[in-house]
Each structure stands twice: as structure tokens, then as C-alpha cells.
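Notes follow once the structure below has been shown.
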Amino acid sequence: MDLPIIHYSKSEYIETDTGNKVSRKSVICGSQNIVLGGKTILQTGSVIRGDLKRTGTGHAVVVSVGRYCFLSQGCVIRPPCKTYKGVFSYYPMKIGDHVIIGEGTIVQAATIGSFVTIGKNCVIGRFAIIKDCCKIEDNTVIPPNTVVPSFSIYKGSPGKLVDELPESIQEIYEARTKDRYAKFIPRAD
Amino acid sequence: MLAIDAPPGQGKTHQPFVHYRCLCSSPGSSATASTKSSSSSIHDHEADSTAAGTSSAADMNIDNTAASSSSPAPSSAGALIVRASPTSHESLFSEHHNPRSTEEIFASGNSSDEHGSMSLSRLYFCDSCGEIRCPKCTQDEIVCYYCPNCLFDVPTASVKSEKHKCSRNCFECPICQNTLSVVSDDPDVSLYTPGMTTAAGQYHLSCNMCQWNSNEIGMTFDKPTGLAVQLQKAEDGLPDVKEFGRLKDHLEKYFRVHGLKQGLPSSLLSSIQSGTLQSLRYVSSTNHKAQQSDDIAHYTPAVQVVEDTENLEKLMSITSLDETTSMKQRLLQLQNQTYSTQRLQPQRIHLRIKKSRRCRSCRHILVNPEQKAQATRFKINLVALNQLPNITIAHIQPMIVQTVSTVILRFTNPRQEEAHVSLEAGDGANPNHGVRILSENFTIAPFNEVWEYEVGTLTAPPGQAQEDVYDKTANSTSIMLYITPVAPGEVKIPLFVTFSFKARKLQTETGSPKLPSQLVLSGAAGRDSMPPAPEVEYVDKKVSFWTVIGFGDAVPTLSS
Ligand SMILES: [Zn+2]
Ligand SMILES: [Zn+2]
Ligand SMILES: [Zn+2]
Ligand SMILES: [Zn+2]
């Protein structure tokens, strides 16, 4: 089935020059430390903590999100943290292109590759690395420091490999995120 | 009246879908397949399984490469899938390739089952056979081994000696199978450098998920590196592992003497160490029986199985299940299979493989990934999605019994050439829902990069003859269908699609399709589909296949 068209209220969303659509009802902390690649959508109630940066350093990119990403309602993007040599610090997070993050999912990964779909209500632990072309099923917990290799489907708590994605997945995910963006249109009012 | 007519299995609702069928699950020419619905696919599955069962001997002769013919399933480490040999499949295919009359095909109608048909994204298209191939109709070959945790490539030569497991610092928790981290007692310790003085037993393995710690079983390390060597040494010393090695040597000697090609690459064997002595005893006794015909020397196990009364008593006194290991935990430690959680060992992480796929019918390579573990690109990727029209349900009306519902089907052309589609509805389905296709023949414009960003905004290119279709945008054409469900429940229809297009002429069509595997693996076959000749020759291609389209559940009419 085709994806349904999502109509949003024109007054709720801000559209940037590069086509990002950011809800005014999302929580963006430390926006000067956040980079959005373009044509990325931040839905109502999504949270990006760009303020959680390494202490002491000046301006630095804390969270970078690629093109055609879709951050669903209520998801939380929070840079990972750890105590190293007795010093507590936050570390930057990078999210690739064509990434969908489901509703209510909390992400504290170090990197998420491109062409990745993460389901609803997942927890992606600190410093997890999700490589390109992966799928994380709904309600999955990826423990801290886990590496999810390409073409994997992970599910459960702790998340485990349950299946492999087909070789065509890159094209499918790319088409899906583009379709999603094309169908995210302002309500005629 | 309503209650009687209510759809069966009310709790479950069916979602609309579009599935494509591989030849192996399409209505065949055999007479039995044409009478009952779903019988044809059952017939084929049976044929498949018998082929797989009887051809293992043939398999041995055909596989030239050391690591081919079978691959471990990704999730179940060590499980072996022995595929049917290509020769037995060729005969299976030729049966399907017989010309069939349309009546026969339609009579077999909707013999779809969930397993026989699948979404286009899971299928391949062999351009030399001109047929859809499902994963079952492709043959896997191992391209490379890598560790799913540290993502390092493992050279094939060392895979066997390292028993298919990572020899770096990658371990799995014996309790929850999560990845373990190497931690130090000293929180201030920085990165380890060789030559650094460390306290003895300072390092241990710890699980982030269930909080298991190797201190619990008295396992500590002096250095944070080279742990795998220590663990493997301990593993190799186990009696079951030694026994397995002995048995393998014993049988391999026989294979060598008789000039038999080993059916399975022995590197795979090392990952299926069946640890139980009971099974070894079974093997040796069956060998004894086979001695008369095959003259394998009798095998005497070095380890004798004794009645394990101590274990039995311990197990009988258990009051909580937490005191013993679960079946899953035991099966993941085949070499000792302990009942005591205290004796569970952290395991080195199992390697994963990247694989290429060949068409079983013509041996042409369908998928060939780049050799490096971390690369996600493909040298060859003949997935069906990039070659066949992608059918999607663009609009659907609720299905009501004996009422006409309108459905819009969109056909998207992934090819760079204009394509022609003709449709026929299979009318032998049971229940046989009323289907009327408003445009049975139409064209689809070629795929063009420029259009990608303006989906749904462009109309037919100029100069195009206006066709009687519902809609035409960019590289897709939409048509209208009238569906009249005759019975409540899930509504699905068989649709026969003929897709014609002009394709670049393949060099291999004149040459031999059977390339030596070595040549193909080195990437030489990648140039097959792109002849270097400046003038491109085109040939007319025609591909026919069955699809099954589901429209969800039909509800009974109120008047009935
Ligand atoms: Zn098949
Ligand atoms: Zn590793
Ligand atoms: Zn654990
Ligand atoms: Zn073929």
C-alpha cells in the first residue's frame, strides 16, 4: 500500500532553506550545535539535546542528522556520555541519510548509518553503532556499545539478529523516505 | 443471517498486498495442480524436498570451490542448510518451462500460499533466463567472513582453525548473549599499551545488559588483549572437542583414500561440533553398520560415556530453575553443555558471512557484494525491484460482498526503456471473485533521474499517444480495476502480467553461461551486463509472471 499523505498545520512547522521541516512543538536544545542535512522532518514532541556537549570546548557539532530523515513524534536524540579517566563527558552523535526513527524511541548511539529504520518505543543504548542498511523492530532494546552490522534485523531485549534484509533494501528505504517527505504536506487552510 | 455470513477468523484482519510468484511456486503444467487450489504449490514443495534429500551425493561432485553449496543461517549458528544440487533443479525447471495453455494456467488459478509468493523486494530476476527467482531458486556462495561485532574481515584460511569465531576481543555473555566488554578494576586506567605494568587479574569481562561478570566464575585476565587465545586454548582442551577432532580426522582419511570430494567444506564442519558424546556413539555405531558396503574402519571413541549419576542427583535437588542453565544457554556451548551456571563460559562471537547468489537454473551470478565486510555496495545486484514493474495499490475501496469496489493499481517502471504491460486475470480462483480490468494493455514511460524529485507532478511526456488509462505520471501508469467479491473473508486475485521492453543485448547470450566460479568471484562477470561496444544493441524482451494481489477482507452485505 502507498504511504498515506500526512497533512500538517502550516503554523506548527518551520521550513528551512534546505527543506527541513521542524515542528515548533519539538524540543531543540542547543540548536547551534545541531546540523540537519536537508529535507529532514522533526515531528511534534521530538527532542534533540544539542546542549549536551563535551565540557570546556567551544562551538562543536553535537548532533548531526543527514538528509531525508524522519524523527517521529516523541523520539529523543541524546548524545552518549561516559566517564573516562574520572571525567564525565558527552560525545557527539552522527545520524546518516534516509533514517527513520519511530515514535517514543530513545537514541543514545554513537553513530547510526544511512538507510536505517528504527521502530517505535526502542532504546538504542549509549555508544551503540548501527551500520548502514539496518532495521530495528518495534520495542527493541539495543544495549550500550552494541554493534549492529549492515543488512541486519534486530529485535527483542537485548536486541538480537532475527533476520537479514534483502539486497534491495537501500533502494527501498531511499524511496520510502523520499516518498514520506513528498507526502508530508501542509494542510490547505 | 449476518452471523452465518461473517468472515471466518474474525480476529485477524488481512492487509492489502501485492506478491509476485517465482516459477517454482507458479501454477505448473501437471494435471493434479489444476484441479484443487493450492495443490500446485504443495506439489512443488514436495518435489523440492525430495530433490534436496536425494541429491546430497550429487552435490559433492558439483561443487568445485571449497566453500560453496551451503551456508550457515545467520541466526542459528552452525545450522547447516544443504541445498539441492543445480542438476536436480534443472529438471524441475524444464518441467515448468513447457508451454502451457492459458486455460490450464487459469484453471489452476489462485493457488497462492503465503510461502509461495512474496513481495518484489525479496525476489531476483535472472536476465539470462528471463525469469523471476526466489531465494530458494538461488544458490548461495560465501564471499567473505567477518565478525559482526568488530567488523574485521577474517581470511578464509584462518576461519577453520579459529572455529568460525572471532579471534579478537569479541565475546558474548553466557547468560543473555549480549556482547561483553573488557573492564578493569581500576577506573582510572587509560588505554592499554603493550609493556604497561598491570595488576594481576585486573581485567574481566562484564555484560552491560544482565550485569554478569566473569569474576563470578573466577575468570580474570592480566592484560586486556589476547583474551580470545586464552579462551580458545581452554575450549580446545575439552574432551568433546578432542573427540570431535578425532572423529573428523578418521572420516577425512576415508574421504581422501577414496578420492571423494568432501560434500561440506570442513571449515563449516568445525562450527557444528556436535558435542554430546551420545551423538558420537551414535555415529560410530552407524558407521559400523555401513562398514560392509563402504569399508570405513571402525571408529573407537577415546572418551567413554559413563552414567552421570552425580549430575542427576544435583539436578533432582534443584529448587529454582535459576540454578540450572536453560536449553538455549546449553546449546550455545555445545562443547561442554553444562547444567551449572557457574560453569558457563563467555563465548567468542560467531562469524557472519557475506554471500553471493547464483541462478540455480543457468548458474549466472545474480548478486555479488563487494568483498569487504563493511561495504554495502554490490558489484552485481540483479534484484527484481530494479528490473520488473513495481505494482502498488494506489487506492482501494472497502470490499463488500456482491458490490463493485474500485481499486487503482499503479505500475512503476524501474527501467531506462519504455515498457509495455498486458494483464490477464486468472479466473480459476476459489473463491472466484469478479474482476474487471479497465485497461489490459498499456505502456509505462522509462525511469528518469530528473523525475525522481517531482513524484506525481509530471504528466505523460509530449508526443505520447494518450492511452485509456486511469493516470500517467513520470515513470508510472495507474489503471482501474473493478472487484466484486463473491464471498466474505480475504479477497485476493491472481493476475498474470506480461512485461515487454527493449533490453541491451547481453554478451553472455552468445557465449557460455557457465563461467568458472573463480573468474566470477574476482569480479570479471561484472562487465557482462555492460558491453564495452559503443553502439548498444537492443533486443525485445518479454517476461511473464504471476502475481497475487490481496485487497483486504470483504464484509458481507447488509441486505444478505
Ligand atoms: Zn523459486
Ligand atoms: Zn570480533
Ligand atoms: Zn548478559
Ligand atoms: Zn538464470
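Sequence order for the protein chains is X and F.
So in numbering that gives the first Met the number 0, the last one in the first sequence is 188, and the numbering has no gaps at all.
So in numbering that gives the first Met the number 0, the last one in the second sequence is 559, and the numbering has no gaps at all.
The beta-carbon is built from N, C-alpha and C at its ideal position, and this holds for glycine as well.
Taking only heavy atoms of ligand 2 into account, decide whether any of them is closer than 8 Å to the Cβ of residue i.
| i | result |
| --- | --- |
| I317(F) | no |
| I348(F) | yes |
| R167(F) | yes |
| N474(F) | no |
| F151(F) | yes |
| C146(F) | yes |
Any chance the CB of residue i is under 8 Å from a heavy atom of ligand 3?
| i | result |
| --- | --- |
| N177(F) | yes |
| I174(F) | yes |
| M208(F) | yes |
| W545(F) | no |
What did DSSP end up calling residue i once you bin it into helix, strand or coil?
| i | result |
| --- | --- |
| T155(F) | helix |
| F446(F) | coil |
| T176(X) | helix |
| Q346(F) | strand |
| I364(F) | strand |
| C28(X) | strand |
| L384(F) | helix |
| E215(F) | helix |
| G425(F) | coil |
| P555(F) | coil |
| C149(F) | coil |
| E170(X) | helix |
| K354(F) | strand |
| P185(X) | strand |
| K135(F) | helix |
| A30(F) | For A30(F), the pLDDT reaches just 29, beneath the cut-off of 50, and the residue's location in the model is therefore unreliable, leaving the point undetermined. |
| L22(F) | helix |
| S477(F) | strand |
| R409(F) | strand |
| S183(F) | strand |
| R121(F) | helix |
| F150(X) | coil |
| G433(F) | strand |
| N19(X) | coil |
| V468(F) | coil |
Would you say the beta carbon of residue i is closer than 8 Å to some non-hydrogen atom of ligand 4?
| i | result |
| --- | --- |
| H363(F) | yes |
| C562(F) | Because chain F here runs from 0 to 559, residue 562(F) falls outside it and cannot be looked at. |
| S360(F) | yes |
| E130(F) | yes |
| S127(F) | yes |
Throw me the rounded Cβ distance for the residue i and residue j pair, which I believe falls under 8 Å.
| i | j | result |
| --- | --- | --- |
| Q334(F) | E234(F) | 6 Å |
| I436(F) | K491(F) | Not really, about 15 Å apart at Cβ, beyond 8 Å. |
| I5(X) | K182(X) | 6 Å |
| N207(F) | P143(X) | 5 Å |
| N310(F) | Y338(F) | 6 Å |
| I123(X) | I99(X) | Contact flag wrong, Cβ pair sits at about 13 Å. |
| Y19(F) | F544(F) | 6 Å |
| S63(X) | V86(X) | That belief does not hold up - the Cβ atoms of S63(X) and V86(X) are roughly 24 Å apart, past 8 Å. |
| S120(F) | S167(X) | 5 Å |
| C128(F) | C23(F) | Going by Cβ atoms, the distance from C128(F) to C23(F) rounds to 12 Å, so no, they are not a contact pair. |
| P79(X) | A59(X) | No, P79(X) and A59(X) are not in contact; Cβ-Cβ is about 15 Å, not under 8 Å. |
| D139(F) | K313(F) | That pair is no contact at about 43 Å. |
| Q370(F) | V153(F) | Actually they are not in contact, since the Cβ atoms of Q370(F) and V153(F) sit about 12 Å apart, beyond 8 Å. |
Taking 8 Å as the cut-off, is the beta-carbon of residue i closer than that to any non-hydrogen atom of ligand 1?
| i | result |
| --- | --- |
| L331(F) | no |
| L22(F) | yes |
| C136(F) | yes |
Looking at the C-beta of residue i, does it have a partner C-beta in chain B at a distance below 9 Å?
| i | result |
| --- | --- |
| G124(X) | Within the model displayed, chain B is absent; protein chains X and F are what it includes. |
Runs of alpha helix (DSSP H) lying entirely within the stretch 296-340 of chain F, each at least 4 residues, in chain order: 308-315, 326-330
Looking at C-beta atoms only, is the number of pairs between the stretch 354-365 of chain F and the stretch 172-179 of chain F that lie closer than 8 Å three or more? no
Contiguous alpha helix (DSSP H) assignments of at least 4 residues, all confined to the stretch 221-265 of chain F: 226-235, 238-256
Three or more C-beta pairs below 8 Å linking the stretch 475-488 of chain F and the stretch 406-422 of chain F: yes
Would you check if the stretch 18-30 of chain X and the stretch 43-50 of chain X touch, i.e. whether three or more CB-CB distances between them fall below 8 Å? yes
Decide yes or no for the touch test of the stretch 378-398 of chain F against the stretch 121-128 of chain F: beta carbon pairs closer than 8 Å, at least 3 of them. yes
Note down, one range per segment and in chain order, each beta strand (DSSP E) of at least 3 residues found wholly within the stretch 71-95 of chain X. 80-83, 86-89, 92-94
Is the stretch 344-360 of chain F touching the stretch 151-167 of chain F in the sense that three or more CB pairs, one from each, lie closer than 8 Å? yes
Determine contact between the stretch 404-413 of chain F and the stretch 437-447 of chain F, defined as no fewer than three beta-carbon pairs at a distance below 8 Å. yes
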